[in-house]
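K.L.:
Numbering (our numbering), first residue to last: 2 to 172.
Please read through the structure below; I'll follow up with questions.
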Amino acid sequence: MNQFKTMDSTQPKSISVQDIILFRSPPWVLRLTVRNDRSYPRIKIVRAAPLSFSDRFISILDDKDVEIGMIDDLAEVDADTRALIEEELEKRYLTSIVKEIISIQSEYGTSYWEVETDRGRRDFVVQNVSENAQWPGDRRLLLLDVDGNRFDIPDLDALDHRSRKLVENLL
């Protein structure tokens with residue numbers, strides 16, 4: 002059973018994820034109630050390991066950025082709570098998922114990308130690919146553009162052959 006690990010000023014304690022209740026009130030403020038414990042009127046949801054474990058180790062912070070607790074695995078959270086958490090994470094981590102590479106042009110250490118993402122067609126620029134491309138997983142590529150946006154290719158092998166070759170030729 003997944004435990005929601007909470008922190009207080011004296012020592013950490015664990016409670017069941019079934020004992021946490023997340024809700025919005027008003028519609029833009031996320032709140033947390035821990036059954037038989039206390040309520041938090043304004044919280045933040047962050048990933049403790051955003052690149053390597055995007056659905057695990059989800060940290061819940063209070064309004065002063067002090068950790069209230071951590072959810073080890075989102076898969077063990079009920080559907081409604083998971084939907085709220087995923088919505089918050091999507092707002093915090095504006096990472097586009099690359100589905101297809103339309104073109105990559107490279108000139109003097111700068112590459113110009115045209116891609117199809119989960120948010121539509123995007124054009125972006127990456128300077129010095131060797132410094133702004135990370136491999137957080139075996140075949141996962143994360144690109145950081147000149148504006149600080151992240152573009153994720155979760156599995157290079159899942160791209161179509163043409164897209165994969167464009168990336169491999171650049172790297």
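Using N, Cα and C, we set each Cβ at its ideal position, and we do this for glycine too.
What separation, rounded to the nearest whole angstrom, lies between the Cα atoms of K92 and S107?
P.N.:
Taking the first residue of the sequence shown as position 1, residue 92 is located at position 91. Taking the first residue of the sequence shown as position 1, residue 107 is located at position 106. C-alpha separation (whole angstroms): 31 Å.
K.L.:
Roughly how many angstroms lie between the CA atoms of S131 and L172, to the nearest whole one?
P.N.:
As a first step, residue 131 must be located in the sequence shown, where it is residue number 130. As a first step, residue 172 must be located in the sequence shown, where it is residue number 171. Cα to Cα, the separation comes out at about 8 Å.
K.L.:
Run the CB neighbour count on L75, radius 10 Å, all protein chains shown included, and call it buried at 16 or more, exposed below.
P.N.:
Here the question's residue 75 lines up with position 74 in the sequence shown. Burial call: buried.
K.L.:
Judging by CA-CA distance, which residue of D158, D20, E68 and G138 is the nearest neighbour of R48?
P.N.:
One-based indexing of the sequence shown puts residue 48 at position 47. Out of D158, D20, E68 and G138, E68 has the C-alpha closest to the C-alpha of R48.
K.L.:
Given that a residue counts as buried once 16 or more other Cβ atoms are within 10 Å of its Cβ, and exposed if not, what is W29?
P.N.:
Taking the first residue of the sequence shown as 1, we reach residue 29 at position 28. Its Cβ having fewer than 16 others within 10 Å, W29 is exposed.
K.L.:
What would DSSP say about L44, mapped onto helix, strand or coil?
P.N.:
Position 43 of the sequence shown, counting from 1, holds the residue named residue 44. Reading off the sequence, residue 44 comes out as Ile, not Leu. Coil at I44, not helix or strand.
K.L.:
Could you spell out the range, first to last residue, of the beta strand (DSSP E) harbouring D153?
P.N.:
Sequence index remark: in the sequence shown, residue 153 carries index 152 (1-based). Where D153 is concerned, the enclosing beta strand (DSSP E) stretches over R151 to I154.
K.L.:
Any idea if K14 is buried or exposed, counting beta-carbon neighbours within 10 angstroms, 16 or more meaning buried?
P.N.:
What you label residue 14 is simply residue 13 of the sequence shown in a count that begins at 1. Because K14 sits at a pLDDT of 49, beneath the cut-off of 50, its placement in the model cannot be relied upon, and the following sentence gives the value as read from the coordinates. It is exposed - the Cβ of K14 has fewer than 16 other Cβ atoms within 10 Å.
K.L.:
Which value, in whole angstroms, describes the spacing of the CA atoms of D146 and D38?
P.N.:
Within the sequence shown, residue 146 is the residue found at index 145, counting from 1. Within the sequence shown, residue 38 is the residue found at index 37, counting from 1. Going by the C-alpha atoms only, they are around 44 Å apart.
K.L.:
Could you name the residues that DSSP lists as bridge partners for R165?
P.N.:
Counting from one through the sequence shown, the residue named residue 165 turns up at place 164. None; R165 has no bridge partner.
K.L.:
Confirm, please, whether the CB-CB distance from I154 to E89 is below 7 Å.
P.N.:
Here residue 89 refers to the residue found at position 88 of the sequence shown. Here residue 154 refers to the residue found at position 153 of the sequence shown. Result no, Cβ atoms of E89 and I154 do not sit closer than 7 Å.
K.L.:
Note down, in chain order, each residue of its chain lying with its Cβ closer than 7 Å to the Cβ of T11, except the 5 sequence neighbours on either side.
P.N.:
Within the sequence shown, residue 11 is the residue found at index 10, counting from 1. Low local confidence applies: a pLDDT of 44 at T11 is under 50, so the model's placement there is unreliable, with the coordinate-based value given in what follows. Around T11: no qualifying Cβ.
K.L.:
Rounded to the nearest angstrom, what separates D66 and N133 at their Cα positions?
P.N.:
Numbered from 1 along the sequence shown, position 65 holds the residue referred to as residue 66. Numbered from 1 along the sequence shown, position 132 holds the residue referred to as residue 133. Spanning the two alpha carbons is a distance of roughly 28 Å.
K.L.:
Which of the three DSSP states is assigned to L55 in this structure?
P.N.:
Residue 55 sits at position 54 when you count from the first residue of the sequence shown. One point to set straight first is that residue 55 is Ser, not Leu, in the sequence displayed. Here S55 sits in coil by DSSP.
K.L.:
Report back the beta-carbon spacing between L160 and E101 to the nearest angstrom; my notes put them in contact at under 8 Å.
P.N.:
One-based indexing of the sequence shown puts residue 160 at position 159. One-based indexing of the sequence shown puts residue 101 at position 100. About 7 Å separates the two Cβ atoms, so the contact holds.
K.L.:
Would you kindly work out how many angstroms separate the C-alpha atoms of D158 and N170, rounded to a whole number?
P.N.:
In the sequence shown, residue 158 corresponds to position 157, counting from 1. In the sequence shown, residue 170 corresponds to position 169, counting from 1. Taking the straight line from one Cα to the other gives about 14 Å.
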